[in-house]
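Novice: Below are the structure tokens for one structure; questions will follow.
There are 2 protein chains.
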Amino acid sequence: MSHQSDRDIEILKNLFTAVESFLTSDRGMPYSDRKEPEELSELLELDLERGIEDPETLKHWVETYFRYAVKTHHFGFNNRMWAGANISSIVGEIAAAVSQTDAGSYEAAPVSVLMEKYMIRQMLDLAGFSRGEGQMTTGSSNANMIAMMSARNLLSDHMKSSGLFGHQKLYAFVSSDAHYSLDKAVNILGIGLDQLVKIPVDDHGRMDPVMLQKEMDRVVSSGGKPFFVTATMGTTVRGAYDPLPELVKLREQYHFWLHADGAWGGAAIFSYRLKEKYLAGLEQADSFTMDFHKMPGTSLICNVLLFNNRPGIMDFVCNVGDKSYLHRKEREGEEYNPGAYSLQCGRRVDSLKWFLDWKFYKKEGFAGRIEKYHRLAELGEQIVRETEELEMVVPRESFNLCFRYNAEGDKNSFNELLRKELHKRGITLIAQAFIAGDVSLRLLMTHKDMEEEHLRGLFRKIVSTGRSLDRLSQL
Amino acid sequence: MSHQSDRDIEILKNLFTAVESFLTSDRGMPYSDRKEPEELSELLELDLERGIEDPETLKHWVETYFRYAVKTHHFGFNNRMWAGANISSIVGEIAAAVSQTDAGSYEAAPVSVLMEKYMIRQMLDLAGFSRGEGQMTTGSSNANMIAMMSARNLLSDHMKSSGLFGHQKLYAFVSSDAHYSLDKAVNILGIGLDQLVKIPVDDHGRMDPVMLQKEMDRVVSSGGKPFFVTATMGTTVRGAYDPLPELVKLREQYHFWLHADGAWGGAAIFSYRLKEKYLAGLEQADSFTMDFHKMPGTSLICNVLLFNNRPGIMDFVCNVGDKSYLHRKEREGEEYNPGAYSLQCGRRVDSLKWFLDWKFYKKEGFAGRIEKYHRLAELGEQIVRETEELEMVVPRESFNLCFRYNAEGDKNSFNELLRKELHKRGITLIAQAFIAGDVSLRLLMTHKDMEEEHLRGLFRKIVSTGRSLDRLSQL
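These protein sequence lines are chains A and B, in that order.
Heads up, the first sequence is in the working numbering, so the first residue is 482 and it goes up one at a time.
Heads up, the second sequence is in the working numbering, so the first residue is 482 and it goes up one at a time.
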């Protein structure tokens, strides 16, 4: 072995020591050594220089990174739709990093291409999509955009060549609680924010189909074309599921593309019971996306976008051909070159971690996990209702708990303060959400090791912190 | 420690053994155990199941993955614009995978956000951009699209809200040798492929500015609006650099956005001499993108898009606000939340590997590497010219060598056959490119450890393989 290989292995050994200490010290250390940007900038000394190719450089920065990074695998991290990552997924990321390849073509990435195809078939089966296709994207924002782009390009044979100039105005519809990536999508695609119609939600946070029909009629009578509806399967804040079966019915009349955005709540797909409850009618959607990096715990980013019953749609929508070096149409086995029908040229090997997670936990493992999260959400709601100091801001719809401390005076300011105080004391970094202008604490169960005792303990600490702040404010 | 932590550390230890063997065995093993898709599918037995959370599962699949993956860090891999990855970059990917966070907000990712801002400042300085901004994207296809979207949205205050309906036709211009991601960009953005004008190239493979001006006049006189020009800094096949200074002059007259796509050849920026030679005028471009995952060797994906002299452009173009939970405009420190002005919601921590590479090799290290690649390309051209059996398909422009075996008869078929044979014999997986219909072998020097002796050895093997095929064809 060369001297350099020896050095590299030494570097990786040092790294492994740091990794081990990072992963095993979670109970003892706080989840975050929180600093303001200016203060942290100074502490980091980003300008610090050492010799060229000095292994100590890497040691120093990795330790520094681990020290000030937020420990998302800590029970105190309740900020996002994920917490930590599956060990199998971390293994996959490491193997992908070491083997360093591009998942765009079979020639360079034979194994990952086959794994990706295999996983997409698994997911198409679960979704009940027939004659389906799918791709891994760079995230659910990207997936939602590609779904909308597919609906747009399918409107005419000439959309790809002519563009939107002079075209009848196109309108997309989402609930007022839908994810802002749909706003980004109409911006990217040249459709414009004014042509994204936001349909009011009912008391449960679900898109109101009567209002949707009204808005579609309004659009049609003004000469516009309704072409795309996103049904959110688990809204970001409230966890509401838009009524798919009623939207499917409306589609018969208006012929729009019906996209199911299950980035968050699509994970219910693993559990027979929860799928029936929340995803009924999914097999009739035109497309469906879900993030494995949210509830299922796969390392960031791991998204899949599935298409129903339109063979060749990805090629029709995305492929613009390349005549110089890659993905030539006439080349054999093009179905094995995901680069040809995705919007990326270089593609990370995300399929390996996805495949490893699937093989390690299996469908049953994911079903059990999602069902546990659901039970914990039920328990959390019960705890809030039974605790005098707490109240639900809105009733629970599925997995999301939107609650607050029931303080005297301005509840919004109090709960913002409470959230900051919980972070300052290292108890929890919890998400803040806004519902009709009201500040809510949003708690999502996404830590695979979280059990009832942790949840009860978390609420106890929130209440005691709230009490101490409440006392102070009454002084 | 819990039983599960022990198990996870054991899993990572096993993985480390596999990683060590993968990384150190490169000289001995072939770069690829090449199989056809059907054959490999059978060998992989992707349906194979074991118990839930069985560590042997991971061991089996990682070993299988490593076995059949193409070894891109092997000298035989000459297929892409990268080969293997920097050790510091691998360290960064591993640390990012283990710490699992989302680089969209300072709250969840304080260190990586500061590292990203630091690196963007370094790059803005190198590019000579003043009052600049930048973002890491999901790849150069994405970066090119965002640059074009920026130009489009800047055309009017209402583009974001109104979209392209009824708008004057917009035209973008690229050289006929530009990357196909620009085709994808006009498709995504609703501009349409017909509005992407491909300007012929001169003998050097550079966009012809006289033809560009002619095409712009034609567009204007037909009532269209030229709004965007991509100057390719290092074309995919020939490695040509479009003439930036002449395009800057044309911009005075036509007021388009001038984007410099340096995904490949932008790496010349590290070397004073090569920057002068290839990137003169860059400081006057409106935007510039380059991939650290190509010549600089950073692990896939690592792209940066830079904007010149338009403060607030990213916010204006990309931010559509979110009122529910993240990135609220009124929140303090928003400049520390890259999620607000990028098109992604969840963002991988790509900045850590980028930062580590920068600190480990330093600017001087990258300069030395890029200059070596340039010298090797010069040497390669010389070898081809001095070898009777070989010929250049076109003269070398910068880093790319487009050559072929000078066989009797149909040279295209012969060189396609030669390429396959080189792969079959495990000598090299070299890229195939097409220039005016002619098959060319495209050799790029992107392996950081490649030296003259390796290059000479590679050419010797190509010639001897060609000779044996040539003899066969003459039988």
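No residue lacks a Cβ here, since even glycine has one placed at the ideal position from N, Cα and C.
In this text the structure is predicted, and so the values were computed from the model without any measurement.
Tell me, please, whether the CB atom of Met617/B is closer than 8 angstroms to any CB atom in chain A?
Specialist: No, Met617/B does not count as interfacial toward chain A.
Novice: Which residues of chain A have a Cβ atom closer than 8 angstroms to the Cβ of Glu501/B, listed in chain order?
Specialist: Those are Ile490 and Leu493, listed as they occur along chain A.
Novice: What residues are listed by DSSP as bridge partners for Val710/A?
Specialist: Phe654/A and Leu739/A, per the DSSP bridge assignment.
Novice: In whole angstroms, what is the alpha-carbon distance linking Arg633/B and Tyr822/B?
Specialist: About 16 angstroms.
Novice: Which complete beta strand (DSSP E) runs does the segment 611-643 of chain A hold, if anything under 3 residues is left out?
Specialist: The segment 611-643 of chain A contains these whole beta strand (DSSP E) runs: 614-618.
Novice: Compare the C-alpha of Gly615/B against each of Ser768/B, Asn887/B and Glu859/B and name the closest.
Specialist: The candidate whose alpha carbon is nearest that of Gly615/B is Ser768/B.
Novice: Report the residues of the segment 869-902 of chain B with a CB closer than 8 angstroms to any CB of chain A, ordered along the chain.
Specialist: Hits within the stretch: zero.
Novice: Is the beta carbon of Asn881/B less than 8 angstroms from the beta carbon of Arg923/B?
Specialist: Yes, these two residues count as a Cβ contact at 8 angstroms.
Novice: Could you tell me whether the Cβ of Ala721/B comes closer than 8 angstroms to any Cβ of chain A?
Specialist: So no, Ala721/B is outside the interface.
Novice: Report buried or exposed for Ser945/A, applying the criterion of at least 16 other Cβ atoms within 10 angstroms of its Cβ.
Specialist: Answer is exposed; the Cβ neighbour count stays below 16.
Novice: Select from Pro777/B, Gly820/B, Glu764/B and Gly673/B the residue whose C-alpha is nearest the C-alpha of Leu787/B.
Specialist: The shortest C-alpha separation from Leu787/B is found at Glu764/B.
Novice: Can the beta-carbon of Lys834/A be found less than 8 angstroms from the beta-carbon of Thr779/A?
Specialist: Yes; because the gap between Cβ atoms is below 8 angstroms, this pair is in contact.
Novice: Have a look at Val579/A, Arg828/A, Leu898/A and Pro591/A and flag the residue whose alpha-carbon is nearest the alpha-carbon of Leu504/B.
Specialist: Ranking Val579/A, Arg828/A, Leu898/A and Pro591/A by Cα distance to Leu504/B puts Val579/A first.
Novice: Here's the rule: buried if 16 or more other CB atoms are within 10 angstroms of the residue's CB, otherwise exposed. What is Val500/B?
Specialist: Its Cβ being crowded by 16 or more others within 10 Å, Val500/B is buried.
Novice: Please check if any C-beta of chain A sits within less than 8 angstroms of the C-beta of Ser486/B.
Specialist: Ser486/B counts as touching chain A.
Novice: Pick helix, strand or coil for Glu811/B, following the three-state DSSP scheme.
Specialist: Bear in mind that the predicted position of Glu811/B carries a pLDDT of just 44, short of 50, making it unreliable; the figure below should be weighed with that in mind. Three-state DSSP puts Glu811/B in coil, outside helix and strand.
Novice: Does Phe646/B have its Cβ less than 8 angstroms from a Cβ in chain A?
Specialist: Yes, because at least one Cβ of chain A sits closer than 8 angstroms to the Cβ of Phe646/B.
Novice: Suppose the cutoff is 6 angstroms on Cβ atoms and the five residues either side in sequence are ignored; what does the same chain contact list for His808/A look like?
Specialist: With a pLDDT of only 48 at His808/A, under 50, the local geometry of the prediction cannot be trusted, and the value read off the model is given with reservation. Taken in chain order, the residues that qualify are Asn818, Gly820 and Ala821.
Novice: For the beta strand (DSSP E) holding Thr779/A, just list the boundary residues, first then last.
Specialist: Premise fails: Thr779/A is in no beta strand (DSSP E) and is neither H nor E.
Novice: Quick check: the segment 555-575 of chain A against the segment 897-913 of chain A, are at least 3 beta-carbon pairs closer than 8 angstroms?
Specialist: Touching, yes, given that three or more Cβ pairs across the two stretches are closer than 8 angstroms.
Novice: If we define contact as Cβ-Cβ less than 8 angstroms, is Lys810/A a contact residue for chain B?
Specialist: Note on Lys810/A: pLDDT 45, under 50, position unreliable in the model; the coordinate value appears next. No, Lys810/A lies away from the interface with chain B (no Cβ there is under 8 angstroms from its Cβ).
Novice: What residues in the segment 667-685 of chain A bring their beta carbon closer than 8 angstroms to a beta carbon of chain B?
Specialist: From the segment 667-685 of chain A, only Val667, Asn668, Ile669, Leu670, Gly671, Ile672, Gly673, Leu674, Asp675 and Gln676 have a Cβ closer than 8 angstroms to chain B.
Novice: Just how far apart, CA to CA, sit Phe847/B and Gln734/B?
Specialist: Going from the Cα of Phe847/B to the Cα of Gln734/B covers about 37 angstroms.
Novice: Within its chain, find whatever has a CB closer than 6 angstroms to the CB of Leu645/B; leave out the 5 residues flanking it on each side and keep chain order.
Specialist: Once the five neighbours on either side are set aside, the close Cβ partners of Leu645/B are Gly671.
Novice: How big is the Cα-Cα spacing for Met931/B and Lys840/B?
Specialist: Roughly 22 angstroms separates the two Cα atoms.
Novice: Out of His928/B, Glu933/B and Leu899/B, state which residue places its alpha-carbon closest to the alpha-carbon of Ser954/B.
Specialist: Nearest option by C-alpha distance: Leu899/B.
Novice: Shorter than 8 angstroms from the beta carbon of His740/B to some beta carbon of chain A?
Specialist: Closer than 8 angstroms: no.
Novice: Within 8 angstroms of any Cβ in chain B, is that where the Cβ of Asp796/A sits?
Specialist: Asp796/A does not count as touching chain B.
Novice: May I ask you to list, following chain order, the residues of the segment 818-835 of chain A that have a beta carbon less than 7 angstroms from some beta carbon of chain B?
Specialist: Answer set for the segment 818-835 of chain A: Leu824, Gln825, Cys826, Gly827, Arg829 and Leu833.
Novice: Give the interface partners of Thr582/A over in chain B, defined as CB-CB distance under 8 angstroms, in chain order.
Specialist: Under the 8 angstroms cutoff, chain B gives Ala550, Val551, Thr553 and Leu781.
Novice: What did DSSP end up calling Arg906/A once you bin it into helix, strand or coil?
Specialist: Of the three classes helix, strand and coil, the one that applies to Arg906/A here is coil, per DSSP.
Novice: What's the C-alpha gap between Tyr512/B and Leu524/B?
Specialist: Computed Cα separation, rounded: 18 angstroms.
Novice: For Val874/B, collect the residues of the same chain with a Cβ closer than 7 angstroms to its Cβ; drop the 5 residues on either side in sequence, then sort them by chain order.
Specialist: Once the five neighbours on either side are set aside, the close Cβ partners of Val874/B are Cys883, Phe884, Arg885, Ile916, Asp919 and Ser921.
Novice: Just to make sure I have the definition right: I need the residues of chain A whose C-beta is within less than 7 angstroms of the C-beta of Leu837/B. Which are they?
Specialist: By Cβ distance, chain A contributes Leu539 and Trp542.
Novice: Please report the residue range of the alpha helix (DSSP H) in which Val500/A lies.
Specialist: Unbroken alpha helix (DSSP H) run through Val500/A: His484 to Thr505.
Novice: Near Arg828/A, what residues of its chain come up, given a Cβ to Cβ distance below 7 angstroms and the 5 sequence neighbours on each side ignored?
Specialist: Answer for Arg828/A: Asp583, Ala584, Gly585, Pro819 and Gly820, listed in chain order.
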